[in-house]
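Going by this note's numbering, the first residue of the sequence shown is number 4, and it counts up by one from there. By construction, the Cβ of each residue, glycine as well, lies at the ideal position given by its N, Cα and C atoms. Below: one structure, written as C-alpha cells.
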Amino acid sequence: DVRNAVDWIHIQGDLKSKTIENLEEYVKKDERLPMFLTRIRESGAKVFLLTNSDYVFTDKIMTYLFDFPHGARPDEPHRNWKTYFDTIVVDANKPLFFGEGTILRQVDTKTGALKLGTHKGPLHTGEVYSGGSCDVFTEMIGAKGKDVLYIGDHIFGDILKSKKIRGWRTFLIVPELVQELHVWTDKCQLFAELQNLDVMLGEMYKNLDSSTKEKPDISKLRAAIRDVTHKMDLAYGMMGSLFRSGSRQTFFSSQVV
C-alpha cells in the first residue's frame, strides 16, 4: 500500500508540486554547496548533474539551493546554478539510462521544451540535455568506468545499476545513517547488555552434547533479551531501524554493506 501510494503521487505529480510550494520545509539548503562544487572543479575534475526529474522541477529546486547573495566565495557575485556544472542531464530515466537509454535531446531553458532531433554532441557547459544513455554520455564526456564517481541516494536506480552495469565508482547518501549512529552512541549500554546476554546464553549450552537429555532453562534469558531488544527498537522511533530487524540485517542493510 505504501509503495502504491508513493508511486501514485509520483505519477500524478503531487509530490513535486507540493515540494515546490513548500521548498523551505522540504529542501535543506547549505551555503557551502557552491564552494564545494567549485573546489571539485578547481582540482581538475568535472562535475555533472544527472537526474530523473524534468527541467522545470530541476530548475526550481536548484535555483533555491543556490539562492545566496554571493557566489562560491563571499566576495564573488551570485551565479546561476548551471554555471557550477560542466554537464547537466535531466529526464535521465534511471536505471534505464544505464542500459539502452533513451534519445538524447537538448532542452530549451527558456520554455522547458525539448528541441527537435537527436543531439549528436558535443555537450556544452551551461546547456541542459534530456535523456540519453550511459554509453553516449560517457563517450561525450570522455570518461568511463572508474573515471567516474557517482553520488546518489537511490540504492537501486543510482548505485547498484551504475556500479554493476557500468563499473562506476559510487557514493551512496544515506541520511538515515545519522539517526542510526546516534542510537548506537546514545544507547551503547543496551548493545553491551545484549552482547552479555548472548554470551550467557552460549555458556548455558557450552558443555552440552547430543547425549544430554535435560535442556537448560533459558526462559529468563529469553525474556531479558526480548526486553532489551524492545528498548532498542523504541530508540529508533516508530519505523524502527533501517539496518536491523531484531538480530538480523534488513534487506536495505545487506545491499549497502
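Here's a check: name, in chain order, each residue in its chain whose Cβ is nearer than 7 angstroms to the Cβ of residue i, leaving out the five neighbours to either side.
{"i": "Ile221", "result": "Leu204 and Met207"}
{"i": "Met143", "result": "Gly124, Pro125 and Leu126"}
{"i": "Asp236", "result": "Gly243"}
{"i": "Lys147", "result": "Thr141"}
{"i": "Asp57", "result": "Val93 and Asp94"}
{"i": "Gly160", "result": "Lys97 and Pro98"}
Drop a sphere of 10 angstroms on the beta-carbon of residue i, count the other beta-carbons inside from all chains shown, and report buried for 16 or more, exposed for fewer.
{"i": "Pro219", "result": "exposed"}
{"i": "Val231", "result": "buried"}
{"i": "Asp62", "result": "buried"}
{"i": "Arg169", "result": "buried"}
{"i": "His122", "result": "buried"}
{"i": "Ile64", "result": "buried"}
{"i": "Phe88", "result": "buried"}
{"i": "Asp111", "result": "exposed"}
{"i": "Tyr29", "result": "exposed"}
{"i": "Thr90", "result": "buried"}
{"i": "Cys191", "result": "exposed"}
{"i": "Ile162", "result": "buried"}
{"i": "Pro37", "result": "buried"}
{"i": "Ser136", "result": "buried"}
{"i": "Leu107", "result": "buried"}
Bridge partners of residue i, per DSSP?
{"i": "Tyr239", "result": "According to DSSP, Tyr239 bridges with nothing at all."}
{"i": "Leu117", "result": "Val110"}
Within its chain, find whatever has a CB closer than 6 angstroms to the CB of residue i; leave out the 5 residues flanking it on each side and keep chain order.
{"i": "Leu227", "result": "Checking the sequence, you will find Ala at residue 227 rather than Leu. Closer than 6 angstroms at the Cβ level, and outside the excluded window around Ala227, lie Leu200."}
{"i": "Leu53", "result": "Val92 and Ala95"}
For residue i, which residues in the same chain have their Cβ closer than 8 angstroms to its Cβ, ignoring the five residues on either side in sequence?
{"i": "Gln252", "result": "Phe246 and Val260"}
{"i": "Phe255", "result": "Ile158, Leu245 and Phe246"}
Review point. Whole beta strand (DSSP E) runs in the stretch 154 to 194 with 3 or more residues, listed along the chain?
Key: 172 to 175
Check your understanding: Is the stretch 148 to 168 in contact with the stretch 96 to 108, if contact means three or more CB pairs nearer than 8 angstroms?
Key -> yes
Review point. Between the stretch 152 to 162 and the stretch 174 to 187, are three or more C-beta pairs nearer than 8 angstroms?
Key: yes
**Study point:** Completely contained alpha helix (DSSP H) runs for the stretch 196 to 246, where each covers 4 or more residues
**Key:** 222 to 238
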